[in-house]
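In what follows, a single structure is set out as structure tokens and then discussed.
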Amino acid sequence: MNVVVVESPAKAKTINKYLGSDYTVLASFGHVRDLPAKDGSVRPDEDFEMSWEVDSQSSKRLADIIKALKDSDSLILATDPDREGEAISWHVLEVLNKKKAIGSKPVKRVVFNAITKKAVLDAMANPRDIDMPLVDAYLARRALDYLVGFNLSPVLWRKLPGARSAGRVQSVALRLVSDRENEIERFVREEYWSIAGKLQTPRSDDFTARLTSLDGKRLGKLDIKNEEQATAIRTMLEGAEFKAASVEAKPTKRNPGPPFTTSTLQQAASGQLGFSASRTMQVAQRLYEGIDIGGETTGLITYMRTDGVQMAPEAIQAARSAIGKTFSDKYVPEKPRYYSTKAKNAQEAHEAIRPTDFSRHPKEMRRYLDDDQARLYELIWKRAIASQMQSADIERTTVDIEATNGSRAAMLRATGSVTRFDGFLAAYMDHREEEDEDEDSARLPEIIAGEKLVRQTIDATQHSTEPPPRYSEASLIKKMEELGIGRPSTYAATLATLRDREYITIEKRKLIPEAKGRLVTAFLENFFKRYVEYDFTADLEEKLDLISDGKLLWKDVLREFWTDFSGTIDGTKELRVTNVLDALNEALAPMAFPDRGDGSDPRSCPTCGVGQLSLKLGKYGAFVGCSNYPECKFTRQFSGEEGADGANGSNEPKVLGQDPETQEDITARTGRFGPYLQRGEGKEAKRASLPKGWTLDTVDFEKALALLALPRDVGVHPETAKMISAGIGRYGPYVMHDGTYANVENVDEVFTIGINRAVSVLADKASKGGGRTRSTPAALATLGDHPDGGSITVRDGRYGPYVNWGKINATLPKGKDPATVTLEEALQLITDKAGSSKSKAKKAPAKKAAAKEKAPAKAKAEAKPKAPAKAKAAAKPKAAAKTTTKKKAATAEEE
Numbered sequence: 040m041n042v043v044v045v046e047s048p049a050k051a052k053t054i055n056k057y058l059g060s061d062y063t064v065l066a067s068f069g070h071v072r073d074l075p076a077k078d079g080s081v082r083p084d085e086d087f088e089m090s091w092e093v094d095s096q097s098s099k100r101l102a103d104i105i106k107a108l109k110d111s112d113s114l115i116l117a118t119d120p121d122r123e124g125e126a127i128s129w130h131v132l133e134v135l136n137k138k139k140a141i142g143s144k145p146v147k148r149v150v151f152n153a154i155t156k157k158a159v160l161d162a163m164a165n166p167r168d169i170d171m172p173l174v175d176a177y178l179a180r181r182a183l184d185y186l187v188g189f190n191l192s193p194v195l196w197r198k199l200p201g202a203r204s205a206g207r208v209q210s211v212a213l214r215l216v217s218d219r220e221n222e223i224e225r226f227v228r229e230e231y232w233s234i235a236g237k238l239q240t241p242r243s244d245d246f247t248a249r250l251t252s253l254d255g256k257r258l259g260k261l262d263i264k265n266e267e268q269a270t271a272i273r274t275m276l277e278g279a280e281f282k283a284a285s286v287e288a289k290p291t292k293r294n295p296g297p298p299f300t301t302s303t304l305q306q307a308a309s310g311q312l313g314f315s316a317s318r319t320m321q322v323a324q325r326l327y328e329g330i331d332i333g334g335e336t337t338g339l340i341t342y343m344r345t346d347g348v349q350m351a352p353e354a355i356q357a358a359r360s361a362i363g364k365t366f367s368d369k370y371v372p373e374k375p376r377y378y379s380t381k382a383k384n385a386q387e388a389h390e391a392i393r394p395t396d397f398s399r400h401p402k403e404m405r406r407y408l409d410d411d412q413a414r415l416y417e418l419i420w421k422r423a424i425a426s427q428m429q430s431a432d433i434e435r436t437t438v439d440i441e442a443t444n445g446s447r448a449a450m451l452r453a454t455g456s457v458t459r460f461d462g463f464l465a466a467y468m469d470h471r472e473e474e475d476e477d478e479d480s481a482r483l484p485e486i487i488a489g490e491k492l493v494r495q496t497i498d499a500t501q502h503s504t505e506p507p508p509r510y511s512e513a514s515l516i517k518k519m520e521e522l523g524i525g526r527p528s529t530y531a532a533t534l535a536t537l538r539d540r541e542y543i544t545i546e547k548r549k550l551i552p553e554a555k556g557r558l559v560t561a562f563l564e565n566f567f568k569r570y571v572e573y574d575f576t577a578d579l580e581e582k583l584d585l586i587s588d589g590k591l592l593w594k595d596v597l598r599e600f601w602t603d604f605s606g607t608i609d610g611t612k613e614l615r616v617t618n619v620l621d622a623l624n625e626a627l628a629p630m631a632f633p634d635r636g637d638g639s640d641p642r643s644c645p646t647c648g649v650g651q652l653s654l655k656l657g658k659y660g661a662f663v664g665c666s667n668y669p670e671c672k673f674t675r676q677f678s679g680e681e682g683a684d685g686a687n688g689s690n691e692p693k694v695l696g697q698d699p700e701t702q703e704d705i706t707a708r709t710g711r712f713g714p715y716l717q718r719g720e721g722k723e724a725k726r727a728s729l730p731k732g733w734t735l736d737t738v739d740f741e742k743a744l745a746l747l748a749l750p751r752d753v754g755v756h757p758e759t760a761k762m763i764s765a766g767i768g769r770y771g772p773y774v775m776h777d778g779t780y781a782n783v784e785n786v787d788e789v790f791t792i793g794i795n796r797a798v799s800v801l802a803d804k805a806s807k808g809g810g811r812t813r814s815t816p817a818a819l820a821t822l823g824d825h826p827d828g829g830s831i832t833v834r835d836g837r838y839g840p841y842v843n844w845g846k847i848n849a850t851l852p853k854g855k856d857p858a859t860v861t862l863e864e865a866l867q868l869i870t871d872k873a874g875s876s877k878s879k880a881k882k883a884p885a886k887k888a889a890a891k892e893k894a895p896a897k898a899k900a901e902a903k904p905k906a907p908a909k910a911k912a913a914a915k916p917k918a919a920a921k922t923t924t925k926k927k928a929a930t931a932e933e934e
């Protein structure tokens with residue numbers, strides 16, 4: 040008997056089937072040890088000794104492995120084929136050796152790039168030892184992340200209230216997003232014009248040509264600056280004669296790109312499928328671990344965490360064979376294609392992402408897959424097979440046209456292209472045309488050099504330069520990879536951390552830095568500049584790669600880093616908050632104190648006119664306040680925008696009207712926590728925050744009156760004779776009846792919903808098995824099927840995110856991002872929850888009996904006057920636990 044350890048329970052089941060009864064395959068469910076989130080887990084003064092902790096769930100899994108090892112002949116470590124997988128094998132081995140569970144049994148490491156029978160059996164036939172340089176690189180990376188997070192985050196807490204955390208890669212990624220926002224704010228638009236002519240050949244074929252030079256001078260994009268210039272040029276061209284000066288048709292080849300890496304897959308899935316990076320990785324994980332096809336679970340793609348762009352020789356041959364069968368032999372190039380990466384720090388130890396079997400066409404696989412899986416598999420299949428196809432032959436035609444009007448002359452240019460042979464482009468076409476149909480819509484009509492052309496129209500079009508676009512997830516990942524920041528396999532987690540910390544928001548797939556995020560970036564750039572520099576971070580990644588290659592010692596890299604970093608941390612001990620505010624006021628001036636457009640000082644207080652506006656730091660973060668406090672109590676939210684009440688950021692109330700019943704003023708205001716409406720004054724005043732999507736400049740008196748009147752009575756339920764009400768709560772707009780809440784589609788419906796629609800919404804809720812107090816939250820993600828049947832989903836409930844299977848709900852650990860939950864983690868949480876519930880059910884009668892027996896003593900104890908003191912003492916551990924949790928969350932590294 041041989042014990043095999045893998046990471047995933049889904050893989051364990053499949054691999055056990057491949058290996059047979061001589062093997063017992065057990066899952067580690069990822070890492071079995073981690074650094075405790077407390078001081079001393081990494082000790083620089085002890086040559087960077089590290090303390091590892093095994094949690095209770097991992098202890099159970101390790102106990103299962105130890106039990107299985109007692110009757111085994113060998114231990115085979117078969118965790119994932121990457122740095123983290125190597126580290127997990129090392130951790131498992133370390134724990135088992137400490138517990139003396141292995142003895143003289145042989146231990147081997149195997150890796151397989153795909154979950155197929157052949158890949159697994161080939162790997163078992165070629166075992167190796169644990170790659171210690173790769174483990175050393177993991178240890179160095181983990182120590183660095185801990186030292187940065189655990190030492191830099193507390194500085195933020197002390198000097199920048201409201202900040203959550205800083206991290207080695209997280210903070211640099213945030214700087215990229217913030218710097219782009221700075222570029223956008225500083226951007227000054229420029230007007231420019233373009234001139235184009237619609238011309239006709241003697242054969243009456245129309246085409247368009249664009250002006251490229253005037254009177255012998257080549258025109259740049261911004262050279263025609265205003266309408267006056269544009270009109271003069273258009274007038275000249277309208278009276279000109281046109282002749283085709285030259286016609287050049289040049290054949291070119293368009294080559295396919297390499298198969299996907301982790302990074303390029305995330306970028307393509309974002310651009311073409313609209314997937315977030317985390318969603319892409321979740322779906323890819325499922326395709327890698329295997330899908331039930333004809334009664335057998337088979338992995339459809341190779342391992343999805345890779346920087347490599349090369350395919351294995353046997354995969355290249357399989358791709359070439361599939362190309363010939365699917366497209367014909369003329370699409371198979373004479374020689375196989377080989378690729379090399381252009382990204383910095385790329386490690387090419389693993390294959391690119393590809394199908395495990397090219398004969399599994401996406402159309403045939405669709406019936407076995409859900410929609411997300413089918414779309415991502417198709418993307419991967421097309422890219423991989425196209426990478427081994429013939430180049431596309433394209434003929435590009437350029438026509439230069441001479442326009443003369445008296446002594447003046449101009450040149451225009453028309454371009455077009457024709458695809459003579461589609462080559463690899465055929466892989467991306469859903470419906471291929473006839474082979475002879477090799478023309479496309481971008482072609483030009485036949486134009487002969489020297490022939491005269493007829494002017495149809497001359498158009499002058501106004502444009503303005505555009506600021507650089509905000510990053511999307513895809514473009515930020517591309518930029519980070521180009522700069523060599525972080526590792527592609529961790530970008531999804533980095534972005535999730537920035538969202539969780541509320542440093543960025545994502546609107547229409549664009550990353551927008553929050554005020555909090557820009558504050559953190561400005562602080563770090565002023566006081567920890569070196570550690571958010573792109574080159575420094577990339578250089579550190581190169582050193583980590585050299586460790587994994589065995590060319591650097593990991594503790595040497597840590598010593599070099601810690602010497603300078605600890606000195607910088609110590610230098611902030613004398614840093615006063617006033618120094619921080621002075622630096623932030625200067626760095627964030629355009630955002631904190633926007634130009635009012637009237638020539639006045641943006642920092643003068645709009646209320647008292649005496650004080651100067653400055654950033655202030657409060658319990659919940661930064662806001663703008665007057666230096667003349669407490670005489671002047673002016674404040675406004677620090678959001679980078681002027682106050683929505685039209686007073687250039689002033690928080691002075693704007694009266695919208697009077698309530699017809701109470702005769703009190705209804706006012707629009709901006710507070711430290713955002714815009715809101717208020718009826719009346721004082722402590723008894725009714726207030727209402729604006730719903731998402733509403734702004735103060737679009738709220739009129741009628742809307743304000745309706746919002747302040749919520750919740751509103753909709754009508755009496757026809758079955759219960761109890762009132763149905765509608766309102767806006769913590770979880771959005773809802774209708775409520777007899778303690779049951781049901782969400783409605785949008786905020787506007789709260790003000791218009793009638794009794795019939797409300798009854799229907801509530802009935803809908805009841806039919807789905809909703810509870811009596813709140814509606815069941817919609818699934819954030821479907822992770823896959825439980826081995827016993829039924830889907831496993833991730834949801835966000837009243838008390839935080841959790842995983843659900845049937846009637847079992849298992850809360851996620853604190854700090855765990857719901858977007859990064861894997862199927863294996865969810866299965867373990869559900870298993871533990873189910874076991875815990877059974878245990879409690881069995882113990883309940885005994886507990887009840889014990890309570891009954893001790894009832895007199897309990898009553899006696901309750902009579903004692905010292906009970907309140909006992910309760911107070913019991914509360915202390917809870918507070919301590921809260922502090923520990925906060926530290927743990929703050930030190931979590933985004934990689």
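Numbering (my numbering) for the sequence shown: 40 to 934. The beta carbon of each residue, even a glycine, is placed where N, CA and C say it ideally should be.
- By the neighbour-count criterion, in which a residue is buried when 16 or more other Cβ atoms sit within 10 angstroms of its Cβ, residue 487 is exposed.
- Residue 328 sits in a helix when the DSSP states are folded into three classes.
- Restricting attention to 750, 199, 204, the CA atom closest to the CA of residue 187 is found in 204.
- Residue pairing by DSSP places residue 304 opposite no residue, since no beta bridge is assigned to it.
- A distance below 7 Å between beta-carbons, with the five flanking residues on each side excluded, links residue 821 to the following residues of its chain, in chain order: 830, 832.
- Uninterrupted beta strand (DSSP E) stretches at least 3 residues long and entirely within the stretch 193-281 occur at 230-239, 245-253, given in chain order.
- Counting along the chain, the unbroken beta strand (DSSP E) around residue 452 starts and ends at 447-460.
- Residue pairing from DSSP leaves residue 739 without any beta-bridge partner.
- Closest in C-alpha terms to residue 849, from the list 448, 585, 835, comes 835.
- No residue range can be given for residue 339, since it is assigned to no alpha helix (DSSP H) and is classified by DSSP as neither H nor E.
- Closest by C-alpha distance to residue 517, out of 436, 215, 562, is 215.
- Taking a 10 Å sphere around the C-beta of residue 789, we find 16 or more other C-beta atoms and assign the residue as buried.
- Three or more beta-carbon pairs separated by less than 8 Å are not found between the stretch 438-458 and the stretch 297-312, which leaves the two stretches without contact.
- Rounded to whole angstroms, the separation of the alpha carbons of residue 233 and residue 260 is 8 Å.
- Burial is judged here by how many other beta carbons sit within 10 angstroms of a residue's own beta carbon; residue 167 has fewer than 16 and is exposed.
- In the three-state DSSP reduction, residue 869 falls in the helix class (H, G or I).
- DSSP lists 237 as the bridge partner or partners of residue 496.
- Going by beta carbons, residue 236 and residue 191 fall outside the 8 Å limit.
- Straight through space, the alpha carbons of residue 401 and residue 51 are spaced by roughly 26 Å.
- With three or more CB-CB distances shorter than 8 Å, the stretch 611-627 counts as touching the stretch 193-201.
- Put simply, the backbone Cα of residue 75 is about 56 Å away from that of residue 370.
- The stretch 713-726 makes no contact with the stretch 757-771: fewer than 3 CB pairs, one atom from each, lie closer than 8 Å.
- As the crow flies, the alpha-carbon of residue 267 is around 15 Å from that of residue 497.
- In this structure, residue 135 lies away from residue 127, with their beta-carbon atoms at least 8 Å apart.
- Between the alpha carbons of residue 297 and residue 365 lies a gap of roughly 20 Å.
- In the DSSP assignment, residue 776 falls within the unbroken beta strand (DSSP E) covering 771-776.
- As the crow flies, the alpha-carbon of residue 642 is around 10 Å from that of residue 666.
- Residue state for residue 502 is assigned as strand, using DSSP reduced to three classes.
- Burial is judged here by how many other beta carbons sit within 10 angstroms of a residue's own beta carbon; residue 428 has at least 16 and is buried.
- Shortest Cα-Cα distance from residue 440 to any of 247, 569, 49 involves 247.
- Counting along the chain, residue 523 sits inside no beta strand (DSSP E), nor does DSSP assign it H or E at all.
- Excluding five sequence positions before and after residue 823, the CB atoms of its chain that fall closer than 8 Å to its own CB belong to 49, 325, 830, 831, 862, given in chain order.
- Counting other Cβ atoms within 10 Å of its Cβ, residue 552 reaches 16 or more and is therefore classed as buried.
- The three-state secondary structure of residue 530, taken from DSSP, is helix.
- Restricting attention to 668, 602, 864, 623, the CA atom closest to the CA of residue 84 is found in 602.
- In terms of CA proximity to residue 264, 499 leads the group 734, 300, 499.
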